[in-house]
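Protein chains in written order, with this note's numbering: chain V, 1 to 218; chain Y, 219 to 436.
So the structure is just underneath, and the comments pick up after that.
Protein chains: 2
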Amino acid sequence: MNEALKQGSATTASRIYEVLRQDLLDGRYGAGERLSIALLRETYQVGLSPLREALNRLAAYGLLRQENQRGFRVLELSRDELADITEMRRQLEGKALELAVEHGDEEWESQLLAANHRLTKAGSHTPIVEWEQLHSRFHNALVAPCGSVWLLRFISQLHDQFDRYRRVAPRAQELRHQLDAQHQELVDLALARDSRRARALIEEHITLSCEVALKSCR
Amino acid sequence: MNEALKQGSATTASRIYEVLRQDLLDGRYGAGERLSIALLRETYQVGLSPLREALNRLAAYGLLRQENQRGFRVLELSRDELADITEMRRQLEGKALELAVEHGDEEWESQLLAANHRLTKAGSHTPIVEWEQLHSRFHNALVAPCGSVWLLRFISQLHDQFDRYRRVAPRAQELRHQLDAQHQELVDLALARDSRRARALIEEHITLSCEVALKSCR
DNA sequence: CTAGATCAAATAATCGATTATTACTAGAAA
DNA sequence: TTTCTAGTAATAATCGATTATTTGATCTAG
Numbered sequence: 001m002n003e004a005l006k007q008g009s010a011t012t013a014s015r016i017y018e019v020l021r022q023d024l025l026d027g028r029y030g031a032g033e034r035l036s037i038a039l040l041r042e043t044y045q046v047g048l049s050p051l052r053e054a055l056n057r058l059a060a061y062g063l064l065r066q067e068n069q070r071g072f073r074v075l076e077l078s079r080d081e082l083a084d085i086t087e088m089r090r091q092l093e094g095k096a097l098e099l100a101v102e103h104g105d106e107e108w109e110s111q112l113l114a115a116n117h118r119l120t121k122a123g124s125h126t127p128i129v130e131w132e133q134l135h136s137r138f139h140n141a142l143v144a145p146c147g148s149v150w151l152l153r154f155i156s157q158l159h160d161q162f163d164r165y166r167r168v169a170p171r172a173q174e175l176r177h178q179l180d181a182q183h184q185e186l187v188d189l190a191l192a193r194d195s196r197r198a199r200a201l202i203e204e205h206i207t208l209s210c211e212v213a214l215k216s217c218r
Numbered sequence: 219m220n221e222a223l224k225q226g227s228a229t230t231a232s233r234i235y236e237v238l239r240q241d242l243l244d245g246r247y248g249a250g251e252r253l254s255i256a257l258l259r260e261t262y263q264v265g266l267s268p269l270r271e272a273l274n275r276l277a278a279y280g281l282l283r284q285e286n287q288r289g290f291r292v293l294e295l296s297r298d299e300l301a302d303i304t305e306m307r308r309q310l311e312g313k314a315l316e317l318a319v320e321h322g323d324e325e326w327e328s329q330l331l332a333a334n335h336r337l338t339k340a341g342s343h344t345p346i347v348e349w350e351q352l353h354s355r356f357h358n359a360l361v362a363p364c365g366s367v368w369l370l371r372f373i374s375q376l377h378d379q380f381d382r383y384r385r386v387a388p389r390a391q392e393l394r395h396q397l398d399a400q401h402q403e404l405v406d407l408a409l410a411r412d413s414r415r416a417r418a419l420i421e422e423h424i425t426l427s428c429e430v431a432l433k434s435c436r
């Protein structure tokens, strides 16, 4: 969906899709909230058709729930779903990292170092939205050369889902530090081509970030 | 997406979504073909808005590719993607079946037997579209109680993707028999609660159906 | 009071017409 | 002939207005 934006002329529908997606990840709209189409039109200053097309895409992607004749709602948050998402991320990102470590080339190594550098430089002063983006890019860079388009697609999708939970979590400083340290370790293991241990670590990493998110999940 | 249809009043957009999805799986439109919106309108006798909303959903779901200002195209078929889809199905359905065998209750056992019975009864005389549906239902029934909403979601999505390849494959009779026999074996292993061997068999099953599909994939 | 029916207001879905962009064709220059 | 350009036809995207459905308030019967 993202490539569509980059390639030259974006349509209104594509633009509003990206903006809405980001706002949903940022928690701008509450869990379970009904999205009034008229209100959205006003807020984002867009026409009805492109807005509805964007909402339809978001529903198919899993960030909104569409009820016929009753419009669109933000998805609810639940402990059960967080557990589900976390377990799926463990499985899929674990597998993907294993493959990436085996297949990644020199270009990948540089990209990974760069992504980690940018993430490390961004301290607690950077706005959280910006940090989230760097964090996403780092994780993307990690698994990018796994060789499976569908695996990457599912991972991104789950990452978006997970972000909704991360966003409502308080920023626990001690755990945050531990997570940052794991990012560095992940790079080290990746460059050392230790796929076994890299996989084990990212699974641990995902479990830990789930625990952070859980602290705020009712 | 399917539940939306069942729950009372379906909208035009939801109806046309389901019809288009089925037609895409049935191979009514060729791989890579551009879908003319005006033509679709005429073919399905629907208005522009609901049609475009359905197309947007299908693109987000991965059955169409959307190019800004250039409309919608059917996705191409490729050996590489078939290999990707097959490997993902092996991993995910394998895992799901393992969990289902561990968690499934008596109700599941009956559903499974029923689904298998219906599939077995439908011989080579039944139209292929109908057989495909029974086959899908059987595989759904197998993994249904795995306990993970996201796992089931990804499996369905991959199943739809795979169906596009299966649809263009010639019906090789010997292999077909072998696949049918595996369905029975899967039921037996499931009822015997042998999750290890059930998983191994479904992985083999998926690989075999991939080979059937490959025979026709350029 | 409570449950059910009825109507009015709100709003989701759809339609028809318009605008913007791309694709195609023909003609001119190299 | 080939390659560019201009103009035109085709069509994708968007807008504004209309229709259909749901929601919520009010009223009535039990």
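Every residue gets a Cβ at the ideal spot worked out from N, C-alpha and C, and that includes glycine.
Keep in mind the model is a prediction, meaning the values are calculated, not measured.
Test: residue i CB closer than 7 Å to a CB of chain V
i              : result
E271 (chain Y) : yes
N358 (chain Y) : no
V264 (chain Y) : no
V367 (chain Y) : yes
A431 (chain Y) : no
F372 (chain Y) : yes
S354 (chain Y) : no
E221 (chain Y) : Model confidence at E221 (chain Y) stands at a pLDDT of 38, short of 50, so the residue's coordinates are unreliable and nothing is read from them.
R411 (chain Y) : no
E422 (chain Y) : no
Residues that DSSP places opposite residue i in a beta bridge
i              : result
E285 (chain Y) : Y:G289
R246 (chain Y) : Answer by DSSP bridge pairing: none, since R246 (chain Y) is not bridged.
R34 (chain V)  : V:R73
Neighbour-count burial assignment, residue i, 16 or more Cβ in a 10 Å radius
i              : result
H117 (chain V) : exposed
T304 (chain Y) : buried
I346 (chain Y) : exposed
L39 (chain V)  : exposed
G250 (chain Y) : exposed
H321 (chain Y) : exposed
V74 (chain V)  : buried
I202 (chain V) : buried
V149 (chain V) : exposed
C428 (chain Y) : buried
P170 (chain V) : exposed
S296 (chain Y) : exposed
S342 (chain Y) : exposed
Q157 (chain V) : buried
G30 (chain V)  : exposed
S110 (chain V) : exposed
K313 (chain Y) : buried
A272 (chain Y) : buried
Under 8 Å by beta carbon: chain V residues contacting residue i
i              : result
T229 (chain Y) : N68, Q69
R275 (chain Y) : N56, R57, A59, A60
Contacts of residue i in chain V (Cβ-Cβ under 9 Å)
i              : result
R415 (chain Y) : The contacting residues do not exist; R415 (chain Y) stays about 21 Å from chain V at best.
Residue i: contacting residues in chain Y (beta-carbon distance under 7 Å)
i             : result
S49 (chain V) : S267
Min CB distance residue i to chain Y below 7 Å
i              : result
A31 (chain V)  : no
Y61 (chain V)  : yes
N116 (chain V) : no
R164 (chain V) : no
Under 8 Å by beta carbon: chain Y residues contacting residue i
i              : result
K95 (chain V)  : Q309
I37 (chain V)  : Under the 8 Å cutoff, chain Y gives no residues; its nearest Cβ is about 12 Å from I37 (chain V).
L158 (chain V) : W368
Neighbouring residues, chain V, relative to residue i (Cβ below 7 Å)
i              : result
I303 (chain Y) : W150
Chain Y contact residues for residue i, given Cβ-Cβ distances below 9 Å
i             : result
S14 (chain V) : Q284, N286
As an exercise, report each continuous beta strand (DSSP E) stretch of at least 3 residues that is fully enclosed by the region 67–148 of chain V, in chain order.
If we require 3 residues or more, the beta strand (DSSP E) runs fully inside the region 67–148 of chain V come out as 72–74.
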